[in-house]
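To keep things clear, I will list the structure first and then write my remarks on it.
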Amino acid sequence: MTQTILPATEATMAEVEAWLDAEEALYRPGHAAWIAEGYDGDPPVRGFRCNWDSVKRTWREGSARVDILVVDGEVVGFLDGTDILEIRPDLRGRGYGRTLAEFMIATAFNLGRSVVEIEIAPESAEPFWRRMGFTVVPDRRGNGGGIYAYRILPHVFSLGDGERVPYAVSFYDEDGRYETDRAFSYFSGEGERLGNGSIQLPERAYCFRSTDAQHVAYFAKIEVDSKTLFFDKAKRDAAKACGVQRDPGYIYFIDRITPPTDPRVAPGCIRRPRIPE
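So the sequence shown is numbered by the numbering used here: it starts at 276 and just counts up by one.
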């Protein structure tokens, strides 16, 4: 048996659409019967045909990525970024879902993401995603109404034999910065000082809190040798000068601290936020 995951083409998209149409054709009378019987029992599970036209449109526009799982020359499943994963109904339970999920996770990691965030729908798929290493956040729903879940993607780096330097990286929300002095994300250890003066961390330090469904003004604190190098909003240019970046999922992170050796090179890198009156 030969399994291949390939970028979608018009031909493979048409194959997917054909079995999505067939799945939808079976769903509609089943759903009507469920209503006629007074909503007795669980409702029939609907496939993703209802979202397919928007998937096709964004794929054709080049703003979305669709990958196709082909087994022995036959299309058996598709993946729309991290938004939709579906296997042909008659071929479920054979491990193809795991194959696509592992591909999705590996792709996100290779793109530099710190976290994969998904919506689980239908709810019956929750055990599968838990087995794939995702954590479900109780009482939080995604923008599409599905169950919100996430998986951290650790980025670990091998250090050389350079000088070891103690560091600490913390991330705060506004209340934690000004009121409680409590970080929600904290990393510390020993990094390696490189020839250009930057400090390579042994692991990525990332700014993520699974309960934040809306935009939050995050603060970053960077300490080197027990001295505060930076403590201000993570979006500041000065934060970027010190090594704060954003990954493709819009998560702030630091892989390498870049202390300014000359204040003219990175002016304002050592900052303190103003205290509100």
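Note that the Cβ used here is the ideal one computed from N, Cα and C, for glycine as well.
Item to complete: Within 10 angstroms of the Cβ of residue 482, are there 16 or more other Cβ atoms? Answer buried if so, exposed if not.
Response: As a first step, residue 482 must be located in the sequence shown, where it is residue number 207. Under this definition residue 482 is a buried residue.
Worksheet entry | Proximity below 8 angstroms, CB of residue 493 to CB of residue 463 | Mapped onto the sequence shown, residue 493 falls at position 218. Mapped onto the sequence shown, residue 463 falls at position 188. Not closer than 8 angstroms, so no.
Item to complete: With a threshold of 16 other CB atoms inside 10 Å of the CB of residue 500, please say whether the residue is buried or exposed.
Response: Taking the sequence shown and counting its residues from 1, the one referred to as residue 500 is at position 225. Counting Cβ neighbours within 10 Å, residue 500 comes out exposed, since fewer than 16 surround it.
Worksheet item: Taking Cβ positions, are residue 355 and residue 281 nearer each other than 8 angstroms?
Response: Counting from one through the sequence shown, the residue named residue 355 turns up at place 80. Counting from one through the sequence shown, the residue named residue 281 turns up at place 6. Against a cut-off of 8 angstroms, the Cβ pair of residue 281 and residue 355 comes out as no contact.
Worksheet item: What beta strand (DSSP E) runs, 3 residues minimum, are completely inside the region 315 to 400?
Response: 341 to 346, 349 to 355, 359 to 362 and 390 to 395
Discussion item. So for residue 295, helix, strand or coil by DSSP?
Written reply: Along the sequence shown, read from residue 1 onward, the residue named residue 295 stands at position 20. Of the three classes helix, strand and coil, the one that applies to residue 295 here is helix, per DSSP.
Worksheet item: With burial defined as no fewer than 16 other Cβ atoms inside 10 Å of the residue's Cβ, what is the status of residue 300: buried or exposed?
Response: Locating residue 300 in the sequence shown gives position 25, counting from the first residue. Residue 300 should be labelled exposed.
Discussion item. Residues in the same chain with beta-carbon distance under 8 angstroms from residue 428, minus the five sequence neighbours each way, listed in chain order, please.
Written reply: Translated into positions along the sequence shown, residue 428 becomes position 153. Within the same chain, residue 428 has close Cβ partners 380, 383, 384, 388, 389, 390 and 391.
Worksheet item: By Cβ distance, which residues of its chain are closer than 8 angstroms to residue 357, with the 5 residues on each side in sequence left out?
Response: Your numbering for residue 357 matches position 82 in the sequence shown. Counting only Cβ-Cβ distances below 8 angstroms, and skipping sequence neighbours, we find 379, 383, 391, 392 and 393.
Worksheet item: Is the Cβ-Cβ distance between residue 534 and residue 504 less than 8 angstroms?
Response: Residue mapping note: residue 534 aligns to position 259 of the sequence shown, counting from 1. Residue mapping note: residue 504 aligns to position 229 of the sequence shown, counting from 1. Yes, these two residues count as a Cβ contact at 8 angstroms.
Worksheet item: Secondary structure at residue 508, three-state DSSP: helix, strand or coil?
Response: Numbered from its first residue, the sequence shown carries residue 508 at position 233. Correct three-state label for residue 508: strand.
Worksheet item: So is residue 563 buried or exposed if we call it buried at 16+ other beta carbons inside 10 Å?
Response: Only positions 276 to 552 of the chain appear in this structure, which leaves residue 563 out of reach.
Item to complete: Express the C-alpha separation of residue 530 and residue 430 in angstroms, rounding to a whole number.
Response: For this step, residue 430 is matched to residue 155 along the sequence shown. For this step, residue 530 is matched to residue 255 along the sequence shown. Computed Cα separation, rounded: 8 angstroms.
Worksheet item: How should residue 337 be labelled, buried or exposed, when 16 other C-beta atoms within 10 angstroms of its C-beta is the threshold for buried?
Response: As a working mapping, residue 337 is identified with position 62 in the sequence shown. Answer is exposed; the Cβ neighbour count stays below 16.
Worksheet item: Alpha carbon to alpha carbon, how far is residue 512 from residue 476?
Response: Along the sequence shown, read from residue 1 onward, the residue named residue 512 stands at position 237. Along the sequence shown, read from residue 1 onward, the residue named residue 476 stands at position 201. Cα to Cα, residue 512 sits roughly 21 angstroms from residue 476.
Worksheet item: Under the rule that 16 or more other beta-carbon atoms within 10 Å means buried, what is residue 525, buried or exposed?
Response: Taking the first residue of the sequence shown as 1, we reach residue 525 at position 250. Exposed, by the Cβ-count rule.
Item to complete: Apply the 10 Å Cβ neighbour rule to residue 432 and answer buried if 16 or more other Cβ atoms are within range, or exposed otherwise.
Response: As a first step, residue 432 must be located in the sequence shown, where it is residue number 157. So residue 432 counts as exposed.
Worksheet item: Quick one, which of 515, 422, 326 and 324 has its alpha-carbon nearest residue 399's?
Response: In the sequence shown, the residue the question calls residue 399 occupies position 124. Here the closest residue by C-alpha is 422.
Worksheet entry | 6 angstroms Cβ shell around residue 439 - same chain, five flanking residues per side excluded | Numbered from its first residue, the sequence shown carries residue 439 at position 164. The residues are 465.
Worksheet entry | Cross-strand partners of residue 439 (DSSP beta bridge) | In the sequence shown, the residue the question calls residue 439 occupies position 164. Beta-bridge pairing links residue 439 to 467.
Discussion item. When you measure from the CB of residue 531 to every non-hydrogen atom of the ligand ADP, does any distance come out below 7 angstroms?
Written reply: As for the ligand ADP, it is missing from this structure, which has no ligand bound.
Worksheet item: What residues in its chain sit with their C-beta under 6 angstroms from that of residue 366, if we drop five residues either side in the sequence?
Response: If you number the sequence shown from 1, residue 366 lands on position 91. Here the set comprises 351.
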